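Numbering (my numbering), first residue to last: 20 to 127.
So, in C-alpha cells, the structure goes:
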C-alpha cells in the first residue's frame with residue numbers, strides 16, 4: 020500500500036475516469052475516503068444531475084473502485100439535484116465546453 024492517502028489515490032483515479040464523464044458535461048468530487056472504515060463517498064454534478072444514465076455511471080464507478088482498491092468496503096455515489104458540486108471538484112472535471120460524440124448534437 021502506498022503512503023499516499025486513500026482520498027488522494029481515489030481522486031487521482033477519478034481524474035482518469037473524468038474524460039468519459041466530462042465529455043458529457045459532468046463533474047465529480049471525492050467527499051470522503053476513509054481507509055480505516057473503507058467508506059468512500061463520491062458526488063457527481065454538472066450534467067450528471069438529472070441525467071437518465073447517471074445511475075449506470077454510479078454503478079460503474081462503484082464496481083471499478085471495488086476492483087481497483089482492496090481497502091474499499093463501501094462506495095456511495097451521490098448525484099445532487101442541483102448539479103452543483105462546489106469549488107473542490109476533482110480537477111479532471113472542471114471547466115471545458117460540452118463535447119459531443121460522433122453523433123450529431125441533436126441525436127436522441
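Ideal Cβ positions, reconstructed from N, Cα and C, are used throughout, including at glycine. Note that the coordinates shown come from a computational prediction; the quantities given were computed from them, not determined experimentally.
Buried or exposed by the 16-neighbour rule on C-beta atoms within 10 Å, applied to residue 61: Position 42 of the chain shown, counted from the start, is the residue given in the question as residue 61. Residue 61 is buried by the Cβ-count criterion.
With distances taken between CB atoms, is the gap from residue 44 to residue 66 smaller than 9 Å? Along the chain shown, read from residue 1 onward, the residue named residue 44 stands at position 25. Along the chain shown, read from residue 1 onward, the residue named residue 66 stands at position 47. Cβ atoms of residue 44 and residue 66: closer than 9 Å.
Going by DSSP, what residues sit across from residue 58 in a beta bridge? Locating residue 58 in the chain shown gives position 39, where the first residue counts as 1. Paired residues: 53, 93.
Residue 99 to residue 46, Cα distance in whole Å? To locate residue 99, count along the chain shown from 1; it is residue 80. To locate residue 46, count along the chain shown from 1; it is residue 27. Each residue's Cα considered, the two are about 11 Å apart.
Grab me the residues of residue 57's own chain with a C-beta within less than 8 Å of its C-beta, minus the 5 sequence neighbours each way, in chain order. Position 38 of the chain shown holds residue 57. Excluding sequence neighbours, residue 57 sits near 90, 91, 92, 93.
Is the Cβ-Cβ distance between residue 48 and residue 88 less than 9 Å? For this step, residue 48 is matched to residue 29 along the chain shown. For this step, residue 88 is matched to residue 69 along the chain shown. Not in contact: residue 48 and residue 88 (Cβ atoms no closer than 9 Å).
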